[in-house]
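In this note's numbering, the protein residues as written are 244 to 490.
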């Protein structure tokens with residue numbers, strides 16, 4: 244879920260020679276996350292990485308939109324800000340297999356995980372058995388900046404670029420997972436200008452969900468044209484945010 248660089252890369256697997264140190268850590272629900280000592284920040288909630296993602300992004304973002312997408316047969320287009328470990332993408336794919344909706348998933352990431360960290364995360368997915376352990380490996384092995392069909396009906400495109408520099412298509416996305424590091428860690432990603440950029444890329448009626456419920460965050464969303472609401476947060480967090488673009 245990091246946005247640690249501002250450099251765009253080409254259509255190749257990037258070099259990791261300048262990577263900051265990250266550590267694998269177990270969270271309270273048994274799932275793992277990563278910790279960045281330089282930022283003193285975790286990729287996910289220490290109260291439970293998996294349950295946080297399932298609550299914020301799946302329950303309050305994806306699930307309300309899946310029935311209509313499955314009925315119409317039109318692809319549900321998702322943008323994730325901070326692909327990180329791939330947890331949100333994999334949970335999305337896992338849920339969608341039962342729903343049968345077509346999904347086009349773009350994940351922005353400025354600091355891809357080095358192979359050693361991917362290998363260290365693999366055992367957690369191995370414990371969950373197939374197909375998730377295979378999907379985790381396939382997701383991280385997929386090339387950057389080109390679309391890949393991870394499973395029939397689920398197209399993934401990993402974009403190795405900073406959000407500020409991304410040329411996002413207009414009125415395109417139906418759902419945005421805003422999973423950047425906390426505002427105090429990366430304030431440049433929580434500005435009104437960023438949310439105006441995402442508003443322009445969102446289709447009418449699109450939904451944006453985030454674990455964050457900070458007051459300034461919601462004010463910046465509203466200033467950029469989003470309608471916001473506070474929802475109960477996952478374990479360990481009182482509230483989260485859901486925003487909608489007017490039809």
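Glycine included, every Cβ here is placed at the ideal spot set by N, Cα and C.
Item	Value
For residue 484, the first and last residue of its enclosing beta strand (DSSP E)	482-488
According to DSSP, residues forming a beta bridge with residue 368	Paired residue(s): none; residue 368 is not in a bridge.
Residue 318 in three-state terms, based on DSSP	coil
Residues that DSSP places opposite residue 329 in a beta bridge	Answer is none; residue 329 lacks a bridge partner.
Spatially closest choice to residue 355 from 405, 445, 441, 438, by CA coordinates	405
Anticipated Cβ contact below 8 Å, residue 345 with residue 316, distance rounded	7 Å
Whole-angstrom distance between residue 284 and residue 308, CA atom to CA atom	31 Å
Cross-strand partners of residue 282 (DSSP beta bridge)	Looking at the DSSP assignment, residue 282 forms no beta bridge with any residue, so it has no partner.
Contact set for residue 361: own chain, Cβ-Cβ below 7 Å, skip 5 residues either direction	383
Which of helix, strand or coil DSSP assigns to residue 298	helix
Beta carbon of residue 435 nearer than 7 Å to that of residue 466	yes
Continuous alpha helix (DSSP H) stretch holding residue 376: start and end	375-384
Inter-residue spacing [alpha-carbon to alpha-carbon] between residue 385 and residue 479	33 Å
Cα-Cα separation between residue 303 and residue 419, rounded to whole angstroms	11 Å
Closest residue to residue 416 among 270, 291, 277, 320 (Cα-Cα distance)	320
Residue 336 vs residue 397 beta-carbon contact at 7 Å	yes
Span of the beta strand (DSSP E), counted from its first residue to its last, around residue 403	That residue, residue 403, is in no beta strand (DSSP E); it is neither H nor E in DSSP.
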